[in-house]
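Asker: A single structure is presented below for examination.
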């Protein structure tokens, strides 16, 4: 299964990884080799060279623009052979939202993800849509609360890492 490829790495537009690293906590091993002045492309190469694929996935997930990150997560999860009917419904909802982002699909994605749970890769993908920054994350009757800007990265990272465990 291909998770990291040249195309997805090319979507990282930051000059350096400094801003990306401010969004999450790299592993101790990654911290020992990463330098904030590196380009994202070089950082990913070095992580992979040092057999730190999970750290490379995390860096990419937090460095991609929201829509690109969610599309990447969906593409990786779509490679699964054993997705449940509920998982397929949620994946379809995510794909529809990517084509036409709207509040109805964003809320539906969260509802389906909540039903499926965060112990699944597809559940995290659904929450990535909900936390996309396009709407409030609290009940409609409450004052608007927007998600922190690193939530999509956390969710996509979790979705992809869980999908890797499922395939092991």
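Residue numbers (this note's numbering): 16 to 183.
Virtual Cβ for every residue (Gly too), placed ideally from N, Cα, C.
Computed from a predicted structure; not experimentally measured.
Between the segment 81-92 and the segment 155-175, are three or more C-beta pairs nearer than 8 Å?
Answerer: Enough Cβ pairs lie closer than 8 Å, so yes.
Asker: How is the alpha helix (DSSP H) around residue 73 delimited, first residue to last?
Answerer: Segment 68-78, the alpha helix (DSSP H) holding residue 73.
Asker: When you measure from the CB of residue 60 to every non-hydrogen atom of the ligand SAH, does any distance come out below 7 Å?
Answerer: In the structure shown, the ligand SAH is absent, as is every other ligand, since no ligand is present at all.
Asker: Taking residue 141 as the reference, give the member of 30, 105, 34, 25 with the closest Cα.
Answerer: The candidate whose alpha carbon is nearest that of residue 141 is 105.
Asker: Looking only at its chain, what residues have a beta carbon closer than 7 Å to the beta carbon of residue 33, apart from the 5 residues adjacent to it on each side?
Answerer: If we look at residue 33 and ignore the five residues flanking it on each side, its Cβ neighbours are 51.
Asker: If you measure between the beta carbons of residue 23 and residue 29, is that distance less than 8 Å?
Answerer: Going by C-beta atoms, residue 23 is not nearer than 8 Å to residue 29.
Asker: I'd like the span of the alpha helix (DSSP H) that includes residue 161, first residue to last.
Answerer: From DSSP, residue 161 is part of no alpha helix (DSSP H); its letter is neither H nor E.
Asker: Does the distance from the CB of residue 27 to the CB of residue 45 come in under 8 Å?
Answerer: No, the Cβ-Cβ distance between residue 27 and residue 45 is not below 8 Å.
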